[in-house]
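> Chains as they are written, first to last, in the UniProt record's numbering: chain A, 1 to 244; chain B, 1 to 228; chain C, 1 to 271.
Where is the CB? At the ideal position from N, CA and C, for every residue including glycine.
1. In angstroms, rounded to a whole number, what distance separates the CA positions of residue 163(A) and residue 75(C)?
2. What three-state label does DSSP hand residue 5(B) in the structure shown?
3. Is there a C-beta anywhere in chain C that falls below 9 Å from the one on residue 91(B)?
4. Is there a C-beta anywhere in chain B that falls below 9 Å from the one on residue 198(A)?
5. Of the residues 60(C), 223(C), 236(C), which one's Cα is nearest the Cα of residue 278(C)?
6. Using the Cα positions of residue 32(B) and residue 206(A), report the straight-line distance between them to the nearest angstrom.
7. Does the beta carbon of residue 185(A) sit closer than 9 Å to a beta carbon anywhere in chain B?
8. For the beta strand (DSSP E) holding residue 197(C), just list the boundary residues, first then last.
9. Just grab the DSSP bridge partners of residue 216(C) for me.
10. Is the shortest distance between the beta-carbon of residue 147(A) and the beta-carbons of chain B less than 9 Å?
11. Which of the residues in the region 76-105 of chain C, read from start to end, lie with their CB under 7 Å from any CB of chain A?
12. Within 9 Å (strictly less), CB to CB, does residue 89(A) reach chain C?
13. At a Cβ threshold of 9 Å, is residue 154(C) touching chain A?
14. Out of 83(C), 136(C), 229(C), point me to the one whose CA is closest to residue 177(B)'s CA.
15. Whole angstroms are fine: how far does the CA of residue 218(A) sit from the CA of residue 207(B)?
16. So is residue 96(A) buried or exposed if we call it buried at 16+ other beta carbons inside 10 Å?
17. Is DSSP giving residue 36(A) helix, strand or coil here?
18. Along chain D, which residues have their Cβ under 8 Å away from the Cβ of residue 107(A)?
19. Using a C-beta cutoff of 9 Å, does residue 27(C) count as contacting chain A?
20. Taking the C-alpha atoms as reference points, what is the distance between residue 68(C) and residue 117(C)?
21. Let's test the definition: count the other Cβ atoms within 10 Å of the Cβ of residue 196(B) and tell me whether it reaches 16, buried, or not, exposed.
22. Check whether the Cβ of residue 229(B) lies closer than 9 Å to any Cβ atom in chain A.
23. Would you identify the three-state DSSP class for residue 42(C), choosing helix, strand or coil?
24. Could you please give me the residues that DSSP links to residue 47(C) through a beta bridge?
25. Are three or more beta carbon pairs between the region 150-165 of chain A and the region 127-137 of chain A nearer than 8 Å?
26. Name the chain B residues that come within less than 8 Å of residue 213(A), Cβ to Cβ?
27. Out of curiosity, what's the CA-to-CA distance linking residue 43(C) and residue 221(B)?
28. Does the region 112-128 of chain C touch the region 193-205 of chain C, meaning 3 or more C-beta pairs lie closer than 8 Å?
29. Residues of chain A with CB closer than 7 Å to the CB of residue 178(C), please, in chain order.
30. Look up residue 103(C) in the DSSP assignment and give the residues it is bridged to.
31. Give me, in chain order, the residues of the same chain whose beta-carbon lies closer than 6 Å to that of residue 186(C); leave out the 5 immediate sequence neighbours on both sides.
32. Which residue or residues does DSSP assign as beta-bridge partners of residue 150(C)?
33. In chain B, which residues lie less than 9 Å from residue 174(A) when you measure between Cβ atoms?
34. With DSSP as the reference, label residue 87(A) as helix, strand or coil.
35. Which of helix, strand or coil does DSSP assign to residue 83(C)?
36. What residues in its chain sit with their C-beta under 6 Å from that of residue 40(A), if we drop five residues either side in the sequence?
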């Protein structure tokens with residue numbers, strides 16, 4: 001009765017302009033997550049002093065917190081204390097005038113680092129102990145072993161899971177709509193402010209996310225098949241994949 | 001507004017917030033229950049390539065997996081009543097919690113169907129053939145041979161799914177459900193002490209998801225022991 | 001054997017959950033059909049003190065709700081049932097027939113009138129003005145807002161006016177959607193994260209007094225002119241007429257003024 005597809009189109013054409021924001025909210029965290037997540041995973045694998053035990057406690061704890069909470073806590077933490085600091089220090093202005101988009105990126109990045117460090121850890125675990133021993137026996141240092149032998153082998157294992165992680169981040173990034181960041185979700189809703197077609201706006205947003213996720217899935221499958229060429233054995237029913 | 005963080009308020013808010021835990025639990029239980037039943041149905045439709053149902057299932061699963069939960073919640077919560085209204089069912093007096101339960105159930109069904117499907121397909125083809133060769137029907141094979149084996153493979157992933165579902169209930173408050181997060185937000189907007197409420201929530205979420213994980217790891221070990 | 005136990009346990013949990021769910025639904029239906037007054041689901045906004053907010057017992061409260069309760073008292077053929085819904089979801093809830101009546105100081109505008117039914121009688125003055133940080137003089141009219149950051153709530157009439165302005169002008173206003181109501185707007189304007197906001201004189205006074213007086217109101221001209229109305233779904237003309245009659249009564253016998261003073265410290269028809 002009230003539903004009108006024409007308004008879905010209106011919302012859709014507005015919302016596609018905000019795709020870059022949604023990509024920034026998922027790709028930057030993915031990138032940071034891969035860098036820092038791998039570092040944490042490597043530290044835990046090599047049992048680096050202090051860092052490894054700390055990560056052993058922190059990562060499982062942080063994994064339990066939903067993304068929404070990270071977002072709310074960051075949203076609160078970034079403004080209130082810096083408003084106070086700004087009375088004394090001029091540099092605090094940079095942070096307190098920050099666009100909410102960056103708060104979203106920071107919150108999602110923390111979440112991504114936690115999730116991806118777990119991905120990388122299980123990828124590192126998939127390389128057998130014998131590989132390390134073999135490396136050391138031919139005189140490679142720890143670092144060389146990691147860089148030349150272990151990581152190249154764990155990457156193909158990690159790629160499909162990273163793909164799923166990215167899809168999780170793209171979908172998860174929609175929660176920034178709650179702190180009113182202009183991403184695809186809120187972009188779709190801007191037209192609804194005038195014509196009150198909220199349901200149509202949500203449906204338009206759904207189509208855009210669906211499109212992005214399908215594309216991401218396809219890209220990662222292509223990449224996975226590419227890396228598979230150099231490796232014969234890949235577990236076809238890797239059930240642990242469906243994590244996020 | 002005063003101080004930024006008051007540790008005493010954390011203790012003060014804790015009972016109020018945890019008193020809404022049953023709502024979260026209800027959502028998880030129903031979502032998993034509906035998800036398992038509907039998910040099995042979808043998985044079977046795809047396994048046995050039932051015409052139309054198979055294609056519908058593929059689109060459905062892809063849509064649910066490719067769109068944010070929050071969008072699905074809104075579409076189901078606000079769109080579903082319109083659909084029901086079209087076919088003449090009056091839903092104005094329904095509790096809004098029912099719609100949230102439906103939304104979470106439908107969401108979970110897609111993920112469950114994928115878990116079930118890959119678990120079933122992980123059972124070797126020879127098992128099917130062997131079962132048919134001793135004269136079991138399709139249904140008997142499924143129930144007596146395939147599902148028990150698939151259950152074991154699926155169990156760890158199922159555990160992860162339960163934990164994920166629990167965490168995802170953190171979005172139900174966007175529909176105005178007064179669960180734990182809704183309660184914390186209500187306190188926050190009344191007293192301007194949001195942070196304390198969030199800390200309480202974080203503690204509860206961490207504790208429950210860790211307990212759930214421990215339970216599932218324990219159960220998994222017991223299951224494997226029993227197999228031998 | 002153990003695995004069977006676990007399996008049945010899960011089944012039992014599911015069955016239990018479904019049964020209790022169905023049971024309570026039946027109970028609800030019975031109580032609905034048993035009583036004679038027609039039940040009307042009312043949605044009230046959730047964070048707009050003193051008009052619509054959630055009190056500490058988690059119940060909807062405020063001036064709007066008080067007026068509706070008085071209306072309901074005078075219309076025994078209806079039974080209003082209240083729930084709190086965020087502003088941006090209020091109208092959507094009306095679309096989805098989850099509620100038949102919505103209130104959060106709704107202003108009339110043509111797009112809203114296309115989709116919903118308004119009461120003919122308003123129940124509060126709702127002329128809005130621009131709000132800026134104290135001592136700021138560069139913002140006087142909506143045209144001065146171009147390029148500036150202006151805060152408003154999603155689904156509000158302010159949002160509609162600003163978005164419309166942006167559609168027809170090249171020099172666009174930077175609309176920032178604010179989530180937590182007027183306290184957040186106050187905070188952001190004082191701290192310079194927003195250049196301006198839009199409020200009624202009453203809300204401005206209330207917010208400014210509550211948080212320390214860091215704001216100024218633009219006296220020279222109005223941002224928008226309207227009264228606040230109740231919004232109903234299109235087919236509720238009978239209910240609309242009944243409410244209009246009662247609102248007229250309440251205006252005549254001074255009840256509305258009394259309620260307005262109680263909640264907002266001023267009469268309903270003054271700015």
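So, to answer that:
1. 59 Å
2. coil
3. yes
4. yes
5. Past the boundaries of the shown model lies residue 278(C); chain C is included only from 1 to 271, so the question cannot be answered.
6. 23 Å
7. yes
8. 196-200
9. 132(C)
10. no
11. 91, 92, 95
12. no
13. yes
14. 83(C)
15. 37 Å
16. buried
17. helix
18. Of the protein chains in the structure, A, B and C, none is chain D.
19. Below a pLDDT of 50, predicted positions are generally treated as unreliable, and residue 27(C), at 41, falls in that range; no measurement from the model is reported.
20. 16 Å
21. buried
22. Outside the shown range of chain B (1 to 228) lies residue 229(B), about which nothing can therefore be said.
23. strand
24. 53(C)
25. yes
26. 65, 66, 67
27. 50 Å
28. yes
29. 180
30. 44(C)
31. 207, 211
32. 175(C), 196(C)
33. 67, 68, 69, 70, 71
34. coil
35. strand
36. 55, 117
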